[in-house]
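Shown next as structure tokens:
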């Protein structure tokens with residue numbers, strides 16, 4: 275398996291522009307997670323899906339952020355309009371189960387991340 | 006408030022030496038604790054997973070310990086190698102009606118030849 279695939283790997287955009295980040299989870303995984311990582315705040319969970327349905331979006335910073343999972347093999351994270359403070363590395367991860375029972379199936383497999391710079 | 010604190014923030018050691026990274030948490034009720042390794046420019050990779058009933062877990066040269074009474078965990082690296090240079094992130098899961106995963110900010114480890 276190729277692992278979790280994210281695109282683009284790097285994105286540079288200007289403030290106010292729309293940004294769309296893409297993720298392909300590992301085939302067969304039921305859970306998909308979107309994270310944001312900055313030096314100041316570390317890793318933050320933004321939202322996660324189970325069987326394509328959003329379960330917990332309490333980490334989404336504000337209405338400018340939205341995420342969708344139209345099918346089991348694809349998810350997007352969209353920022354509209356983007357702001358300089360959105361600059362960060364955005365990770366997608368997938369797992370067989372939710373990650374709360376301490377089982378090996380809970381292991382989340384992370385993609386390589388998208389480094390977003392908003393000027 | 007559920008928090009995960011890691012120490013030190015950064016650490017520099019010589020190749021071949023051992024080191025121990027610390028993770029203290031105030032998460033309750035506790036479900037499990039994970040250690041991840043994150044190489045520069047890559048996503049985190051899971052090293053160990055421990056439930057509250059486990060007090061040690063090994064993965065090669067990495068050994069994690071857990072004391073659920075004092076809410077402390079450590080990650081011990083034996084005979085360090087240059088490839089161990091990375092950030093190590095402690096992650097604790099909460100089990101309640103608002104199930105959450107709480108991340109520490111990580112320890113940045115540098116191995117010098």
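Protein chains in written order, with my numbering: chain A, 275 to 393; chain B, 6 to 118. Glycine included, each C-beta is placed from N, C-alpha and C at the ideal position.
Considering only the alpha carbon of each residue, which of 64(B), 71(B), 99(B) lies closest to residue 83(B)? 64(B)
Contact under 8 Å by Cβ, residue 390(A) with residue 367(A): no
Check whether the segment 303 to 313 of chain A touches the segment 16 to 34 of chain B, taking contact to mean three or more Cβ pairs, one atom from each stretch, closer than 8 Å. no
Going by alpha carbons, who is nearest to residue 50(B) out of 92(B), 118(B), 99(B), 105(B)? 92(B)
Quick one: list the residues of chain A neighbouring residue 113(B), beta-carbon separation under 9 Å, in chain order. Listed along the chain, the chain A residues whose CB falls inside 9 Å of the CB of residue 113(B) amount to none; the nearest CB is some 10 Å away.
Spatial distance of residue 355(A) from residue 364(A) (CA atoms): 16 Å
Could you give the residue range of the beta strand (DSSP E) that holds residue 369(A)? Its beta strand (DSSP E) spans residues 362 to 369.
With burial defined as no fewer than 16 other Cβ atoms inside 10 Å of the residue's Cβ, what is the status of residue 290(A): buried or exposed? With fewer than 16 other Cβ atoms within 10 Å, it is exposed.
Can you tell me which of 110(B), 108(B), 115(B), 97(B) puts its alpha carbon nearest to the alpha carbon of residue 88(B)? 115(B)
C-beta contact flag for residue 34(B) and residue 96(B) at 8 Å: no
Taking the beta strand (DSSP E) that residue 326(A) falls in, what are its first and last residues? No beta strand (DSSP E) contains residue 326(A), which DSSP labels as neither H nor E.
Rounded C-alpha distance that separates residue 80(B) from residue 344(A): 39 Å
N- and C-terminal bounds of the beta strand (DSSP E) containing residue 14(B): No beta strand (DSSP E) holds residue 14(B); DSSP gives it neither H nor E.
With DSSP as the reference, identify every bridge partner of residue 312(A), one or two as the case may be. Within the DSSP secondary-structure output, residue 312(A) pairs in a beta bridge with 316(A).
With residue 326(A) and residue 346(A) assumed to form a contact (beta carbons below 8 Å), what rounded beta-carbon distance in angstroms separates them? 6 Å
Checking the sheet assignment: what are the DSSP bridge partners for residue 285(A)? According to DSSP, which records beta bridges pairwise, residue 285(A) is partnered with 390(A).
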